Amino acid sequence: MAGQGMRLDRLVCEAAGLTRKQARAAIAAGRVCAGGAVCKMPDARPDPAAVTLDGAPLLWRPFVYIMLNKPAGVVSASRDTRAQTVTDLLGGAFARRQLFPAGRLDKDSTGLVLLTDDGALAHDILSPGRHVPKVYEVTLDTPLTAQMRAGFAAGVTLADGTVLAPAEAEPAGPDPCRARVVLRQGVYHQIKRMFGVYGAGVVALHRVAIGPLALDPALAPGQWRELTEEELAVLQK
């Protein structure tokens, strides 16, 4: 939807990352100007390029892109009536956006989740034909073996007969039970099922990258930030 013709309260919501209640409060307090004049009408439809909040221009954009460090126990979904979701971690920011995770992580897994409302980009990331690599740090209950590494490289056949695409499993540091896994497809509980073929259990799974987008090490579990212009440009390629 183009920004032109959008209600002022929705424009402030989406451009400033506020809830509708917060946006209306800002408008009522005279903090929002349109065309250089204070505008206290939430249903006004001004030129987005002429709107300011507290004197700063509001930069409305058609889509939002958020990097989130998912903690364990949180569901990779937009809504869930029984558990906390990744969108709940935003704390009401971008409440008017229809954000969703572009790629899921199991509830007990952690790490990088990309939240967006850009369906085309999400499709490109998730499409099997694109072969976008996802990188994980995995802790096993047994050491990584040469057999596992060779089997991943050749393409693991799961217990139900599903033949998976080749993947990478390499040591991740001096701990023999830690591995760096790279996948280029997405199958339910894929990493756990792949290691299960070799009798190994996954103790912890942490996603560190999606394609060229790496998880910001400054983000603690549960924290998030918007992508930089540089990160987005690289991801869109």
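FYI, this note's numbering numbers position 99 of the sequence shown as 204, with every residue one higher than the one before it.
We put the CB at the ideal spot given by N, CA and C, even for glycine.
If you're wondering where the values come from, they're calculated on a predicted model, not measured in any experiment.
Next on the checklist: Once DSSP output is grouped into helix, strand and coil, what is the label at V169?
Outcome noted: Your numbering for residue 169 matches position 64 in the sequence shown. The answer is coil: DSSP assigns V169 none of H, G, I, E or B.
Next on the checklist: Along the chain, where does the beta strand (DSSP E) containing A284 start, and where does it finish?
Outcome noted: Here residue 284 is taken as the residue at index 179 of the sequence shown, counted from 1. Counting along the chain, A284 sits inside the beta strand (DSSP E) bounded by residues 283 to 288.
Checklist entry - Can you list, in chain order, the residues of its chain whose CB lies under 6 Å from that of V339, leaving out five sequence neighbours each side? => result By one-based count along the sequence shown, residue 339 stands at place 234. Within the same chain, V339 has close Cβ partners P317.
Next on the checklist: I'd like the list of long-range same chain contacts for G260, defined as Cβ closer than 8 Å, with 5 residues on each side in sequence excluded.
Outcome noted: The sequence position of residue 260 within the sequence shown is 155, counting from 1. Apart from the 5 residues on each side of it in sequence, G260 sits with its Cβ closer than 8 Å to the Cβ of V268, L269, A270, P271, A272 in its chain, given in chain order.
Next on the checklist: Let's see if you can read the secondary structure: which residues bound the beta strand (DSSP E) around H294?
Outcome noted: Against the sequence shown, residue 294 aligns to sequence position 189. Boundaries for H294: no beta strand (DSSP E) harbours it, and the DSSP string shows neither H nor E there.
Next on the checklist: Let's test the definition: count the other Cβ atoms within 10 Å of the Cβ of D385 and tell me whether it reaches 16, buried, or not, exposed.
Outcome noted: As shown, the chain starts at 106 and ends at 342. That puts residue 385 outside it, with no answer to give.
Item to check | Residue burial classification, Y170 (beta-carbon count within 10 angstroms, cutoff 16) | outcome: Here residue 170 corresponds to residue number 65 of the sequence shown, with the count starting at 1. Classification for Y170: buried.
Next on the checklist: Looking only at its chain, what residues have a beta carbon closer than 7 Å to the beta carbon of L195, apart from the 5 residues adjacent to it on each side?
Outcome noted: Taking the sequence shown and counting its residues from 1, the one referred to as residue 195 is at position 90. Beyond the five residues adjoining it in sequence on each side, L195 comes within less than 7 Å, by CB distance, of W329 in the same chain, given in chain order.
Checklist entry - V307: buried (16+ other C-beta within 10 angstroms of its C-beta) or exposed? => result Counting from 1 along the sequence shown, the entry for residue 307 is found at position 202. With at least 16 other beta carbons inside 10 angstroms of its own, V307 counts as buried.
Item to check | G234 (DSSP reduced to helix, strand or coil) | outcome: Taking the first residue of the sequence shown as 1, we reach residue 234 at position 129. G234 falls in the helix class under three-state DSSP.
Item to check | Bounding residues of the alpha helix (DSSP H) (the contiguous stretch that carries R129) | outcome: Counting from one through the sequence shown, the residue named residue 129 turns up at place 24. R129 -> alpha helix (DSSP H) spans 125 to 133.
Item to check | DSSP three-state assignment for A314, whether helix, strand or coil | outcome: Translated into positions along the sequence shown, residue 314 becomes position 209. A314: strand per DSSP, three-state reduction.
Checklist entry - For P276, does the three-state DSSP call read helix, strand or coil? => result Here residue 276 refers to the residue found at position 171 when the sequence shown is read from its first residue. Here P276 sits in strand by DSSP.
Item to check | Residue range of the unbroken alpha helix (DSSP H) whose run includes V240 | outcome: Reading the sequence shown from its first residue, position 135 is the one you call residue 240. For V240, there is no enclosing alpha helix (DSSP H); the residue is found in the beta strand (DSSP E) stretching over 239 to 245.
Checklist entry - Is any beta-carbon of chain B found at less than 9 Å from that of D246? => result Protein chains in the displayed structure number just one, and chain B is not present.
Checklist entry - Does DSSP put A139 in a helix, in a strand, or in coil? => result Numbered from 1 along the sequence shown, position 34 holds the residue referred to as residue 139. Looking at A139 - three-state DSSP - the assignment turns out to be strand.
Checklist entry - Among residues of its own chain, excluding the 5 on either side of L210, which ones have a beta-carbon nearer than 7 Å to its beta-carbon? => result Residue 210 sits at position 105 when you count from the first residue of the sequence shown. Leaving aside the five residues that flank L210 on each side, the residues in its chain whose CB is nearer than 7 Å to its CB run, in chain order, K175, S181, G216, V218, R312.
Item to check | Where L220 sits in the DSSP three-state scheme | outcome: Stepping through the sequence shown from its first residue, residue 220 is reached at position 115. L220: strand per DSSP, three-state reduction.
Checklist entry - Are there 16 or more other CB atoms within 10 angstroms of the CB of Y241, so buried, or fewer, so exposed? => result In the sequence shown, the residue the question calls residue 241 occupies position 136. Result: buried.
Checklist entry - What do you reckon, are the CB atoms on A305 and M253 nearer than 9 Å? => result Stepping through the sequence shown from its first residue, residue 305 is reached at position 200. Stepping through the sequence shown from its first residue, residue 253 is reached at position 148. In contact: A305 and M253 (Cβ atoms closer than 9 Å).
Checklist entry - Just to check, is the beta-carbon of D223 closer than 8 Å to a non-hydrogen atom of the ligand HEM? => result Ligands are entirely absent from the displayed structure, and the ligand HEM is therefore not among its contents.
Item to check | Classification of G256 by the beta-carbon crowding that lies within 10 angstroms, buried from 16 upward | outcome: To locate residue 256, count along the sequence shown from 1; it is residue 151. Buried is the call here.
Checklist entry - When you compare only the Cα positions, how much space is there between M299 and A325? => result Counting from 1 along the sequence shown, the entry for residue 299 is found at position 194. Counting from 1 along the sequence shown, the entry for residue 325 is found at position 220. One C-alpha to the other measures close to 29 Å.
Checklist entry - Are the Cβ atoms of T250 and Y293 separated by less than 9 Å? => result Counted from its first residue, the sequence shown places residue 250 at position 145. Counted from its first residue, the sequence shown places residue 293 at position 188. Contact flag unset, no.
Checklist entry - What span of residues does the alpha helix (DSSP H) with L340 cover, start to end? => result On the sequence shown, position 235 is the one that residue 340 refers to. Here the alpha helix (DSSP H) through L340 covers 334 to 341.
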